[in-house]
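**Student:**
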Amino acid sequence: MKAETQLQNPYEPEPMRLIRRYPLNEDVHFFQVRAVDMEKALSLNYLPGQFMMISINGIGEAPFSISSTPSRPGLLEFGIRKVGNMTNRIFQLKENGIFGVRGPYGNGFPIEKIKGNDLVIIMGGLGAVPLRSLLLYALDNRDQFGKIYLLHGARTPDEMLFRNEFFNMMKRDDLFCHLTVDQDDTGQWPFETGVVTRLFGKLAHIDPKNTYFAVCGPPVMYKFVVAEILKLNVPKHQILMTLERRMKCGVGKCGHCIIGGYIYTCLEGPVFSYWDVLHMKGLI
Amino acid sequence: MREIVVEPLSRVEGEGGITVQLDGKRIKDVRFDILEGTRLIETLVVGKTPQEDVSIACRICAICTLSHRYAALRGLEKALGIEIPPKAHHMRSLMHLGECLESNSLHVFVLALPDFLGYPSAIAMAEKYGNEVTQALALKKFANHIMEVTSGRMIHGENPTIGGFGRYPDREVLLNIKKQARDFLEFAVYGTNLVAGLDIPSFFEKETVFMCCEPGNEFGLMGDSIRISTGEVVDCNDYKKLTNEKFCPHSAAKHCLYKGKPFTVGALARVNNLGERLKGQAGKLFKKHWNDRWLKNPIYNNHAQAVEIVWALEQIPGVVDDILKIKEDPALVKPARTEGEGVGAVEAPRGTLYHHYQIKDGLIADANFIIPTGQNLEDIEKYMRLAVQGMIDQGADDDAIRLQLEIICRAYDPCISCSTHMVRIERV
Amino acid sequence: MSQEKKSVGLYGFTGCNGDQLVIIHSEDQLLPFFDSANIKSFSLAKSDNDNSELDLAFVEGSISSQEQAEHVKAIRERTRYLVAIGNCACYGGIQAMELGAKGWDQRFRKVYGDGFFINRTPIESKPIDVFVNVDFYLPGCPIDARQFFYCFAHFLQDDEPVFPDYPVCAECRWRENDCLLLKGELCLGPLTAAGCGARCPSHNLTCLGCWGPMKEANIGAEFNLLKEKDYSLEEIKRRFRMHTGSGMMKPLKKLLGAL
Amino acid sequence: MRAVKIKKENLFDFLEAIKPFGDLWGPVKSGDGYVLEKVTDYSNIEMSALRTRIPFKKLLFPPKFTMFKFDEKGIRSSDEELPRQVIFGLHPCDLHALLIMDNFHSLHYVDPYYRERRERTAVIGLSCFPDDRCFCKATNTHYTEKGFDLFLTDLGDFYILWIGSSLGDDMVRECPELVDEEVTHDDLEKYIAWRKKRESNFKLKLDFTGMPSIMELSYDSPLWDELGEKCLSCGACTIVCPTCPCFNVIDEVDIGGGTGERTRRWDSCMFREYSMVAGGHNFREARSERLKLRFTHKLQAFVGAFGEAACVGCGRCIGACPVDIDIQTVAQNLKGEEVKA
Ligand SMILES: Cc1cc2nc3c(=O)[nH]c(=O)nc-3n(C[C@H](O)[C@H](O)[C@H](O)COP(=O)(O)OP(=O)(O)OC[C@H]3O[C@@H](n4cnc5c(N)ncnc54)[C@H](O)[C@@H]3O)c2cc1C
Ligand code: SF4
Ligand code: SF4
Ligand code: SF4
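Residue numbers (the numbering used here), protein chains in the order written: chain G, 1 to 284; chain A, 285 to 712; chain D, 713 to 971; chain R, 972 to 1312.
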């Protein structure tokens, strides 16, 4: 949104209705919501990788990545982990309940640049939430992308988010989908075990000039994954990652998400290229 | 043997209880137990600077915090040879009036009145006496506001300090206090008449001795000598003669006797001893309601407190004017010396409070605090004993006795956290 | 709210009762306060108190007898959350001031002689977390009414209240006071948790530390600064231990041990 | 910009005449310093005051204010009409800071709360004479042609009154009889002489040339740890700084839980929780990291983003920090100069 055209107070959340929710694993739930105002619901436009501020009166606001794709308008989807006050209260919401959401914010993935290239999506843990948006978008616009890979790691089979969805995707022939778990206590896990970098072996020949990588996961994951990607000679600006910071406003004012002295994660992120990361100290 | 126990005693400040042991119709023991833990505050202030002492000593009790602060300041400033400037003096009068108003209205309307009207709390009373409760709370809020403005916050405000005040309030704030004091007068008069209309049982009445500060020619809350209802006036430096203490195994507070006899301090003592000096509405109310039962029955302490509320409200406008007359805010007065001894006596809402200090090398070498509830303990037990005897003779049941004892005890407005820590045995 | 009202109890142990009084003094909040929960026990304000199961217990005062220790344990057993209110409960208060060599027994005897109590077994005052698990600390001497009701409202909704994690100095600067420390006075503002609104510095009086240390109190830096300003170790220690017992002394001792 | 003259003895009448433009806020004495306060008695204004403890920012985004209220039905924007205000006595450093703030609050997204207040605010600048903490010459913020509606340059018995906006012009038109339209060559000479005198009076000589490169090279300097050891995380440095805008958002609920308000309060990058995220991970756990952020922001990153430093040389932080960590000592330290605290 451009400053000149902005009419509404960007801090006042829009009422949304919780349409559906169910657990993705023990502490992450899936939330499907829609703006109460139908017209707004349909006109809401966003990019994969952007986030929204969810607001619960009396507790406050927090940023959450959008997990749905703009190619399927009307509904917004989130995957939320219960970690504290704000998320506790989100978890108390019942289907049909009303709460506030504002956004979308952040830069999102540079879809236009990625188009026409191969895409490797690497997700770990909660990182599945924002990257699912990119994945679904790419699959919905399948003809605009080259080869698409999905490498997804979770700690255990039970913890893997969107499990069934990804199981189904394994059946697709326009997507190379590989799943792994660090550890399998069930003995029933049909796929790989080991950390997500093990899946790099599954990548067929990568054309470094024409491939974009999108990475999101816990902080420890980046170091190892990026090292693997660099081995493939991929240019640093084609390695994309989404980062998390404390945020109080989402619109570049409150200061909490500042990195490197003047980069507001909420404006210029949360998606950064590895080049940015190297360039700006304190990013990861 | 039958034992009647009230524990904890509710709606008094601090943890206390009453125990009555009966052997048939004979009373074996009547005890007012002080259950509150020990804090040994007199030993904590030793080795501290006077200014630190003021901050510690006021924490003896939240209700009488300003009286403790005032008594400490008076004792310490005497010891250090400090004369505070007139503006500081008037401010201290205002804060002291605020506390008297606050404590008395809390006690009369929120803590005691429910007893007489038969409710467990003022909140429960609100249904039928909505207006009274609302007004009483508003009055209390106003009194709190005075304390906050003068002392820096409602409880344990640090603004009154050695040599004066850290900061003086703004003119508008003071003018508003003056106005509100006038506005509340009507309710205070109504409240006094309401209390005076209550039926007060008489079967435990008995004469006693009353003591309070002698403020000079007027009614007041502060003075350097003590007036006793027997007619004597004693210098406050001789406070120990008036308040001989003894230790009681059931009480963390020690009991006081005057010439071997129990005595009463507090609003009732002040009004009985000095009531003739009251002017204005307070004077009128005194003349209208006072009679010699006030000399024999502690329940009249409620009445005396109500009269004092009216008096305090009538005093405030003049004191505010006195403060405002002096434009320049005086700086804190520095001590003239680093050694000395001083006794500060003030009337806390519950009665005469003494702080006695010895200072050496700028630090407290010794401290002794005598607090009002400790002085009242013997009289409280005396009247409870009389009441139990009377009620047994009437064949009253335990619950009735329990309620009556609570009422007597509460009438003294005992401040238990105060009493626990203060009194000290002097062995000769 | 359609949910059932929560059961709440307020208890006072050894102290000045100032924290409960702060609540009673909040005239405007009192009726909603009694309205929004089942106040099962609040002995300073009402007499029909009982010992039923609680969702939330607020405990004021330090523990200074074995009987009190038993009582606070009993409260812990029947409550879901236990909140320590005021410095006495959080840190032991002035009566738990660490006086070093002068032992408590000796001081006790100085006040009470060899007298004994028939109804109590006194012990040296301690904060309640020495005896029971505390879910939340609400410091202050006395507590601040706004903070209390903020905390209360949050617990009624099962949220953990979030309190400022910065020192009194921040509040003091917001109020645009002259900084007393810069003028050379012994102000504990930089170490003390905010919450009081910088009352004392706003009255030209130094902060005495009555909110206890903030989480990140830089005791070492303040100590060095005060030494630079020519305060003696004795003076510094006296101030540090005045209002929060072990609260400020523990880290100082650690520091001095390291020196 | 247009210049007229106004006699000193007419100033109070002028201030009286522009009353319709809002409440007048000006520097008044408080303790050893000055604060911006609402003034009705103009003689309380300290014409020689240099820096107020907290700058103008408190009038454009107060330390704490309500964003909106809410109840069971949803949120309600405040319909309270904010008062109009005239801020008197801002010096060039603060006017530069005001420009930075104006820009910041409309960049990418317009901050409605800032704008609401800003639109109701008129600004009257005032010339000044530097003391030993002023270093606006080093930051090149010692003059300004922008950022004010009116600006007064004190030339002895009269002021040159610069009219910087149409609003300023409206103010002057309230009382044309008080101003003198004719500015003479003589006045120009006086003005130039005054400038020379002022410029030669800067005692604190700091040199920020090339500071971004120095900051870049100092990223791992042990200096940050040394300062981190000393810093009290009190936030004073950010509170007094005219270019520090960070805030926190906190909901306050009434006891019943259903109603309450969302409030915004000043925050500081020097506070522990500033960069903490859920689960307790803190991106700037160490105080040294926070100090580094603050100074990188002021002296390096801002320059990269806007071509100028975010420090306007007002000297407020130099008097504010109890342990002498400020823009002067840090810059001197990093450049290996002798540090004067
Ligand atoms: C761009 C972005 C996208 C995110 N996407 C998701 C997502 O898809 N799913 C998900 O589960 N989580 C996501 N998070 C993290 C999520 O915002 C935090 O889990 C959430 O704020 C926790 O709030 P809490 O009150 O429950 O936790 P608490 O631990 O109680 O938080 C304490 C305080 O810190 C604040 N806080 C903590 N972490 C953050 C944070 N990261 N940002 C802002 N404030 C914070 C809270 O507001 C609160 O005041 C994302 C964060 C960012 C920055
Ligand atoms: S006066 Fe005390 S509380 Fe205020 S800023 Fe200075 S050190 Fe901090
Ligand atoms: S950094 Fe210091 S000198 Fe620079 S603008 Fe901020 S307060 Fe003023
Ligand atoms: S003013 Fe000084 S001590 Fe306080 S946060 Fe800033 S640098 Fe640290």
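No residue lacks a Cβ here, since even glycine has one placed at the ideal position from N, Cα and C.
To the nearest angstrom, report how far apart R/C1107 and R/C1064 are at their CA atoms.
**Tutor:** Whole-angstrom Cα-Cα distance: 6 Å.
**Student:** Measure from the alpha carbon of G/D143 to the alpha carbon of each residue in G/S55, G/G194, G/D207 and G/I114, then state which is nearest.
**Tutor:** For G/D143, the nearest C-alpha among the options comes from G/I114.
**Student:** Going by DSSP, which residues form a beta bridge with R/K1040?
**Tutor:** Answer is R/R1047 and R/E1232, bridged to R/K1040.
**Student:** Flag R/G1251 as yes when its Cβ comes closer than 7 Å to any non-hydrogen atom of ligand 6, and as no otherwise.
**Tutor:** The model depicted lacks ligand 6 and carries ligand 1, ligand 2, ligand 3 and ligand 4 instead.
**Student:** Give me the Cα-Cα distance between A/A588 and A/T636, rounded to the nearest whole angstrom.
**Tutor:** Cα to Cα, A/A588 sits roughly 15 Å from A/T636.
**Student:** Is it the case that the CB of R/L1305 approaches a heavy atom of ligand 4 more closely than 7 Å?
**Tutor:** R/L1305: no, Cβ never under 7 Å from ligand 4.
**Student:** Below 8 Å on the Cβ atoms is my contact criterion, and I expect R/D1222 with R/R1236 to pass it. Report the Cβ-Cβ distance as a whole number of Å.
**Tutor:** In fact, because the Cβ distance is near 11 Å, the residues do not count as touching under 8 Å.
**Student:** Tell me which residue opens and which closes the alpha helix (DSSP H) that G/I229 is part of.
**Tutor:** Element bounds for G/I229: P219 to K231.
**Student:** Which residues in chain R sit within 9 Å of D/Y862, going by Cβ to Cβ distance?
**Tutor:** What D/Y862 touches in chain R: E1223 and V1224.
**Student:** Is the closest heavy atom of ligand 4 to the C-beta of D/M926 under 7 Å?
**Tutor:** For ligand 4, not one heavy atom lies less than 7 Å from the Cβ of D/M926.
**Student:** Using a Cβ-Cβ cut-off of 8 Å, state whether D/M713 counts as contacting chain A.
**Tutor:** Any reading at D/M713 needs caution, since the residue's pLDDT is 41, under 50, leaving its predicted position unreliable; the model's value is listed next. Not one chain A Cβ lies under 8 Å of D/M713.
**Student:** Is R/C1285 a contact residue of ligand 4, with contact defined as CB to any heavy atom under 7 Å?
**Tutor:** No, since every heavy atom of ligand 4 falls outside the 7 Å radius drawn around the Cβ of R/C1285.
**Student:** Using beta carbons (cut-off 8 Å, strictly below), is G/G58 in contact with chain D?
**Tutor:** Yes - at least one Cβ of chain D is within 8 Å of the one on G/G58.
**Student:** Using the Cβ count rule (16 or more neighbours within 10 Å means buried), how would you classify R/H1076?
**Tutor:** Looking at its Cβ environment, which holds 16 or more other Cβ atoms inside 10 Å, R/H1076 is buried.
**Student:** Specify whether the segment 561-574 of chain A and the segment 411-429 of chain A touch according to this definition: at least 3 beta carbon pairs, one from each stretch, less than 8 Å apart.
**Tutor:** Verdict: no, contact absent.
**Student:** Could you confirm whether any beta carbon from chain G is found closer than 8 Å to the beta carbon of D/D871?
**Tutor:** Yes, contact with chain G.
**Student:** Which first and last residues belong to the alpha helix (DSSP H) in which D/H737 is found?
**Tutor:** Careful: D/H737 lies outside any alpha helix (DSSP H) and carries neither H nor E.
**Student:** When you compare the segment 974-985 of chain R with the segment 1041-1051 of chain R, are there three or more beta-carbon pairs, one atom per stretch, that lie closer than 8 Å?
**Tutor:** Touching, no.
**Student:** For a test of your reading of the model: does the CB of R/L1262 fall under 7 Å from any non-hydrogen atom of ligand 4? Yes or no.
**Tutor:** Because some heavy atom of ligand 4 lies under 7 Å away, the Cβ of R/L1262 counts as near it: yes.
**Student:** Quick one: is the Cβ of D/L894 within less than 7 Å of any heavy atom of ligand 4?
**Tutor:** Result no, Cβ not under 7 Å from ligand 4.
**Student:** Any beta-carbon of chain G closer than 8 Å to the one on R/L1264?
**Tutor:** Chain G contact via Cβ: present.
**Student:** Sorted by chain position, which residues of the same chain lie with C-beta nearer than 7 Å to R/C1292's C-beta, five sequence neighbours on each side aside?
**Tutor:** Only A1207 and C1208 meet the Cβ criterion.
**Student:** Assign R/D1103 to buried or exposed, taking buried as 16 or more other Cβ atoms, counted over all protein chains shown, within 10 Å of its Cβ.
**Tutor:** Looking at its Cβ environment, which holds fewer than 16 other Cβ atoms inside 10 Å, R/D1103 is exposed.
**Student:** D/C919 to A/G441, Cα distance in whole Å?
**Tutor:** In a straight line, the C-alpha of D/C919 is about 12 Å away from that of A/G441.
**Student:** Let me know if D/N845 comes out buried or exposed under the rule of 16 or more other beta-carbons within 10 Å of its beta-carbon.
**Tutor:** The residue in question, D/N845, is exposed, as its Cβ has fewer than 16 Cβ neighbours within 10 Å.
**Student:** Which value, in whole angstroms, describes the spacing of the CA atoms of R/V1010 and D/I787?
**Tutor:** Using only the alpha carbons, I get a separation of about 55 Å.
**Student:** Run through DSSP, which three-state label would A/A629 get?
**Tutor:** If DSSP states are grouped into helix, strand and coil, A/A629 belongs with the strands.
**Student:** Kindly say whether D/W923, judged by its beta-carbon, lies nearer than 8 Å to any beta-carbon of chain R.
**Tutor:** Chain R, which has no Cβ nearer than 8 Å to the Cβ of D/W923, makes this no.
**Student:** Which residues in the same chain have their Cβ closer than 7 Å to the Cβ of G/K82, if we skip the five residues on either side of it in sequence?
**Tutor:** Cβ neighbours of G/K82 beyond the five flanking positions: D27, N88 and F91.
**Student:** Is the CB of A/C540 under 8 Å away from at least one CB in chain D?
**Tutor:** Cβ-Cβ to chain D under 8 Å: no for A/C540.
**Student:** How about D/S766: is its C-beta nearer than 8 Å to some C-beta of chain R?
**Tutor:** Note that residue 766 of chain D is Leu in the sequence shown here, rather than Ser. Not an interface residue.
**Student:** Using a Cβ cut-off of 9 Å, which residues of the segment 1064-1097 of chain R contact any Cβ in chain G, in chain order?
**Tutor:** Answer in chain order: F1075, H1076, S1077, L1078, H1079, Y1080, V1081, D1082, P1083, Y1084 and Y1085.
**Student:** Quick check on the burial criterion: 16 or more other C-beta atoms within 10 angstroms. Buried or exposed for R/Q1271?
**Tutor:** Under this definition R/Q1271 is a buried residue.
**Student:** What whole-angstrom Cβ distance do G/L47 and G/P70 have, given they're in contact under 8 Å?
**Tutor:** Rounded, the Cβ-Cβ distance is 7 Å, consistent with contact.
**Student:** What are the partner residues of A/I648, as DSSP defines its beta bridges?
**Tutor:** A/I643, per the DSSP bridge assignment.
**Student:** Taking contact to mean at least 3 C-beta pairs separated by less than 8 Å, is the segment 850-862 of chain D in contact with the segment 725-735 of chain D?
**Tutor:** A contact exists between the segment 850-862 of chain D and the segment 725-735 of chain D.
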